[in-house]
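A short write-up of the structure that comes next.
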Amino acid sequence: MELIKRARQSQWYGVGLLLIVTALVWLVFKAMCPSTFGDPDQLLTYLQTGLIYAVGGCGLYFIVVMGLWDFSIGSVLVLSCLMAIGFSQSMGILGLIVAPILCGALLGAANGLAYIKLRIPSLIVTVGLSLIYESLSVFASGWSGTRLGDAYKMFGSYPWNLILAVLAFALCTFILKYTKLGTYVNAIGANEATAKNMGVNVDKYKFLAFVLCSTFVGIMAILYIGYGTAQTPMTGMLSQSLNFKPLMGTFFGLAFKKYGHPVAAIVIGEFIISMMFAGFVALGMPVTINNVVTGATLLAIICITTKRVKGAVVK
Amino acid sequence: MEQKLLLHAEKIDKRFGPTHAVNEVSLDFLEGEVHALIGENGSGKSTFTNMLTGILPIGSGTFTLMGHDVAPKNQVDANHQGIAIVVQETGTLGGLSVADNMFLGDEDQFIRRGIKDTAAMNRKAQELLDAYGLGYIKATSIIDNYDFEDRKLVEIVKSTWFDPAVLVIDETTTALSQKGRDKLFEVMDHVRELGHCVIFISHDMGEVLKMADRISILRDGDFVTTVNREDVDEDQLKTLMVGRQMDDHYYRTDYPDYAREQPGETAVSVRGVTVPGMIDDISFDLHRGEILGIGGLSECGMHEVGKAIFGASYDRTGEVVLADGTKVKDINTAIDHSIAYASKDRDNESLLINDTIEDNIALPSMRDMGRVLSDKKLREFSDKYAVLMSTKMVSVNQYVSALSGGNKQKVVLARWLGKQSDILVLDSPTRGIDIKVKAAIYALLEQMRKENKAILIISEEIMELLGMCDRIFVMKDGKINGELTRSPELSEQDLISKMV
Amino acid sequence: MTTSNDTAIDSKTTAIDDKKKDAFAARIRGFLPLIGFVVILGFFAIATGGSILTPKNITLILSGGYMLMIAACGVWLIMTMGCLDFSQGSMLGVSCAVFCALSQYNLALAILGGIATGGVIGAINAYFHVYRQIQSFVVTMCVMFLLRGVCAFITTTSPVYAATYVTTFNDMTLLMGITLAVLVITYVVTRFTSIGHNLKAIGANEKAARFAGIKVQKTKVIVYIVAGCLTGFAAFINAIKVGSVTSTAGNMLETQLLIAMVLGGMPINGGARARFSNIVIGVLSYLILQKGLVMMGFTTEIQQLILGVVFIIMVALFSDRSSNQVIK
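Protein chains in written order, with the working numbering: chain Z, 10 to 324; chain S, 3 to 502; chain W, 1332 to 1659.
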């Protein structure tokens, strides 16, 4: 009808749709476990974890929108957390904030450089590099220890976590809307050959996207370590488990890109996912099933958001 | 009225491997004119303008614009030098806004200290759209919300708002409705009034005669002549476009009396085949012992017909039926029932470039060689047919990527010889191939015809169709527009008149 | 300024030189994995003072490799097509759990159960990759994670134990025999039937393979299921050696397989340069590399660091790409 048609054209249609889904998910779980799920203070907790992953999801967005992958963000997160722990001991708050961000930027640069120079697919190169970063995390924890000092836990709770997260979202939105980088990552994702023909330096912007992605992961680390207060090094590809939640948010952002507000979609998406996991816990799901739900959910999200084209070659 | 020289092309030349696409073409373009560039497919007009607008690097020669030599590195660079192009395919990128698309690659004018003033960009884009009478297109909207025609109109604004000295329109009109065309002509008139030049490439003779001041004709990469619009009519233009000498040593020399001869039995019946957006209700029969040709402009849909017969089309309705009643719906049915296919996109469809000659020749035939395939059996098989086609190679273990264009095509034909296919669907069989190999292929086709095989040639080369085919269908806009029979009196004129 | 004629002649002679250089480089590339194996062997032989070559250590190295070798056959099939399978590790864990559980009743049933589990998981991978058109890496990564959760859930209270008679099969001749049998069958099937050629064709150019009459979708589905079955069978070997399944069973197997394939010279995009020797040389190289690093006293993290660096270098070296390709 006319109202729905006009609503469709509006820029906020996508966000509205997501908010409706959020409400529905809340209703479903609330109905199933009225006493253990969904109270206002619990909602704040869900939002808290959602914000953390959403920051990572924003960074990953720059990569995935171009059709690339970055499977090293888990290991970057671990290393950045350890850097935060270590430098907060020697340089206080400044160390806590600057070290992980710088760490992320440097690792992102390494990712970008390896990808551009070696000319191998992004998922392979980032998986390979994650092995290296994981081993580096063991050395890092030897230097920094694994517990964050009490004085530095403020980013693990309101209001500081909200402030930092909102700053990160604002930064992401700003870059997407008000810089050449934002335009070009979209252009490269739409049609790399045409973009190149318009004079876009594809290699340069792919490199910058990798740097940005891991920098956001560095910001995420501040929130993550503030919330968790401790971080052990991870080897044996265990850090891959940290890739999943941010990636889910990123796919929400991609799916709702055409409505013009990807960041909002990422944040709301992560909130929905946080709620969903909390809901499963409230239902009595054992912790081990967490991974099953994670894997299944990401697969489902990608399934729904992937357009199928007849005869497309997919590897 | 004495017009000044705006752009001078001096001995512009370009080769792609053995193909000499543009042969030392020199042209003059004057201020304040619409200069049409016409010629058949492969005449070199698009290649010529692509070099001018930065899409292709110049082979050799110079373009001199208002006294300075220009050699743009990409389209935006060309724009900065005063040259713009509106291409035939989609030139806008999905996922970006209209304004983003309009200024893609050129955002620096809105950037201050690293920050893009998106509001200013949107404002300017909307102003421009309004100025062009396209105010219904919103600059802030994602471009995906608009259809092909509106997106093309955005491209037109993108390429002309800075008043380029030279504007190239490359076969854009074919995909536009009347409204879109009128807008385009409006823009062209405006550019002319400003004292600049429009290079107008089109196959529509009516349009050309309506809009152009002067018309230049290219043929096979060579410059033929330039005429004034008042001095010619449609027929004369078509004559100028063609009019080559037929090289008798190349093609068939026989002219069968078709009235007396019985057509061979039907090999394939195409009935009511439609592929949305490409071909519309095509029906014909292909007989044994005949070479049937399909010709037309690039986008007339004839290439899709070949795919449809081979079972490779998606979204195809209608039927492709063989003599024994089998309906061809997928590639394997086609191959197993003796249909062969050589695609226009040789490197991506006909051949596995990064694989051995042996694999390429033997793949469809492997299922006929029993359960156990020895290396020896395969090597002998592929060797036999590679040699039969006189393929110039080191060994069948060589990768196809190392071969020249002509030899690649030989491998394609060797494959189907090996499969003993009786029905051959060949799309652009001699494109980009040197003369010797062309002659060899034509000889082979003539031989196959005598062996009672059914051959369908889809080609953009009119001479090839005239020289080799017993019957020729001409397609236009997805439908069959005419059927012609081989005879010594048949001329290129007859084909072209049905094509454009 | 050179005329167009001169540039044509110049480019012709450089083209011939380039072709000769390319052919030479290709030959060297063909021998690189073997050379790499010898270098690795030589390096560790010296570094461990020859002790890596004692019969005891060689036996130890090989005994750790049967499972890897069998699973590698399946992964090789997948990678030749240009796809990936990241679910191998947890697939092994779950299949092993099924085997162990069923072994309490009947050995043959248990082996079939393990194989079937692998096959079903392979089918799931194939469904999402082929019919939903999601990239194989992403699909198998999600499935890997999902199955790890399943494995952890199954072993929550305690590991799943195989019947006691199972570990009695831990005899080197038997295991080596089984492994060799699998290798031989894989070799024969891919070398002497059209299957090997079809897989290489799909890896070389999926579109052109389709036009050459290869049923690409059907082939992909079959290959994923077969690879799953092979891993399910490898789970049997794993049960023989370990006797039980814990929540970390099969951890890192997919990474080990990927590194092994790359060490063996397998191009990351598959295609016609894939060779059966990738499997054998690759797995052997990996086993020696890993054992050698352990014997040299490196900690796990340094071992992983070295493996990561070696992996990236090898992938870059063996990648089979044309210059204009758009790489994502």
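Glycine residues also receive a C-beta, built at the ideal position from the N, C-alpha and C atoms. Remember, predicted model here, so these are calculated numbers, not experimental data.
Discussion item. DSSP has V272 (chain Z) in a bridge; who is on the other side?
Written reply: Note: V272 (chain Z) sits in no beta bridge, so no partner.
Worksheet item: Within 10 angstroms of its Cβ, does T1345 (chain W) collect 16 or more other Cβ (buried), or is it exposed?
Response: The predicted model places T1345 (chain W) with a pLDDT of 49, which falls under 50 and marks its position as unreliable; any figure quoted below should be read in that light. The residue in question, T1345 (chain W), is exposed, as its Cβ has fewer than 16 Cβ neighbours within 10 Å.
Practice prompt. Go ahead and label D472 (chain S) buried or exposed: buried means 16 or more other beta carbons lie within 10 angstroms of its beta carbon, across all protein chains shown.
Written response: buried
Worksheet item: What's the call for Y138 (chain S), buried or exposed, on a 16-neighbour Cβ count within 10 Å?
Response: exposed
Worksheet item: Would the beta-carbon of I110 (chain Z) fall within 8 Å of that of T224 (chain Z)?
Response: yes
Worksheet item: Is there a Cβ from chain Z that is less than 8 Å from the Cβ of V1474 (chain W)?
Response: yes
Worksheet item: Should L365 (chain S) and G1544 (chain W) be called a contact, given that it needs their Cβ atoms to be closer than 8 Å?
Response: yes
Fill in: N-terminal and C-terminal residue of the alpha helix (DSSP H) that T228 (chain S) is part of
T228 (chain S) -> not in any alpha helix (DSSP H); beta strand (DSSP E) instead, spanning 224–230.
Item to complete: Note down, in chain order, all residues in the region 134–161 of chain S with a beta-carbon under 7 Å from any beta-carbon belonging to chain W.
Response: none
Worksheet item: Roughly how many whole angstroms lie between the Cα atoms of G1453 (chain W) and Q1635 (chain W)?
Response: 28 Å
Worksheet entry | Neighbourhood of K379 (chain S) by C-beta distance below 8 Å, restricted to the same chain and skipping five residues each side | Hits under 8 Å: M371.
Worksheet item: Closest by CA to I281 (chain Z), which one among Z:C222, Z:Q249, Z:K254?
Response: I281 (chain Z) has its Cα closest to that of Z:K254, out of Z:C222, Z:Q249, Z:K254.
Worksheet entry | Where T1488 (chain W) sits in the DSSP three-state scheme | coil
Practice prompt. For chain S, find out if any of its Cβ atoms is closer than 8 Å to the Cβ of N200 (chain Z); answer yes or no.
Written response: yes
Practice prompt. Could you work out which residues of chain S lie near A114 (chain Z), taking near to mean beta carbons separated by less than 7 Å?
Written response: Simply none; closest approach about 17 Å.
Worksheet item: For the alpha helix (DSSP H) that S499 (chain S) lies in, which residues bound it at each end?
Response: 494–501
Worksheet item: Thinking just about the alpha-carbon of each residue, which of S:V100, S:L7, S:R231 is nearest to the one in A38 (chain S)?
Response: S:R231
Worksheet item: With a cut-off of 8 Å, do at least 3 Cβ pairs link the region 267–278 of chain Z to the region 288–299 of chain Z?
Response: Flag = no, the region 267–278 of chain Z and the region 288–299 of chain Z do not touch.
Fill in: Nonlocal neighbours in the same chain, by C-beta distance under 6 Å from T58 (chain Z), ignoring five residues either side
S283
Worksheet item: Would you call A1339 (chain W) buried or exposed, if buried means 16 or more other Cβ atoms sit within 10 Å of its Cβ?
Response: Caution is warranted here: a pLDDT of 41 is assigned to A1339 (chain W), below 50, making its placement in the model unreliable, and no coordinate value can be reported.
Discussion item. Between F1484 (chain W) and chain Z, is any beta-carbon pair separated by less than 8 Å?
Written reply: yes
Fill in: Boundaries of the alpha helix (DSSP H) in which R125 (chain S) is found, first to last residue
Note, R125 (chain S): alpha helix (DSSP H), 120–133.
Worksheet item: Is the distance from the Cβ of T192 (chain Z) to the Cβ of D79 (chain S) below 8 Å?
Response: no
Item to complete: Give me the Cβ distance between A1603 (chain W) and N356 (chain S), rounded to the nearest whole Å; I'm assuming they're in contact under 8 Å.
Response: Yes, they are in contact, since the Cβ atoms of A1603 (chain W) and N356 (chain S) sit about 6 Å apart, within 8 Å.
Item to complete: Let me know the secondary structure DSSP gives A336 (chain S) once reduced to three states.
Response: helix
Practice prompt. Compute the beta-carbon to beta-carbon distance between L1477 (chain W) and A305 (chain Z), rounded to the nearest angstrom, for a pair I have assumed lies under 8 Å.
Written response: 6 Å
Worksheet item: How about K1343 (chain W): is its C-beta nearer than 8 Å to some C-beta of chain S?
Response: Because K1343 (chain W) sits at a pLDDT of 46, beneath the cut-off of 50, its placement in the model cannot be relied upon, and the point is left open.
Worksheet item: Can you find a CB in chain Z that lies within less than 8 Å of the CB of A1647 (chain W)?
Response: Closer than 8 Å: yes.
Worksheet item: With a Cβ-Cβ cutoff of 8 Å, do V414 (chain S) and G308 (chain S) count as a contact?
Response: no
Fill in: Inter-stretch contact at 8 Å, needing at least 3 Cβ pairs: the region 50–66 of chain Z / the region 232–245 of chain Z
Contact holds: three or more Cβ-Cβ distances are below 8 Å.
Discussion item. Run through the DSSP bridge pairs and tell me what K1538 (chain W) is partnered with.
Written reply: K1538 (chain W) is not bridged to any residue.
Discussion item. Taking the alpha carbon of F1400 (chain W) as the reference point, which residue from W:A1512, W:R1522, W:V1451 has its own alpha carbon closest?
Written reply: Per the sequence shown, residue 1400 (chain W) should be read as Met rather than Phe. Considering only alpha carbons, the answer is W:A1512.
Practice prompt. Counting only the same chain and skipping the five closest in sequence on each side, list residues whose C-beta sits under 6 Å from that of A342 (chain S).
Written response: W418, S423, L426
Worksheet entry | Chain-ordered neighbours of P366 (chain S) on chain W, where CB pairs are closer than 8 Å | A1543, G1544
Worksheet item: Mind checking if I87 (chain S) is an interface residue toward chain Z, Cβ cutoff 8 Å exclusive?
Response: no
Worksheet item: Taking the continuous beta strand (DSSP E) assigned at M477 (chain S), which residues delimit it?
Response: M477 (chain S) -> beta strand (DSSP E) spans 473–478.
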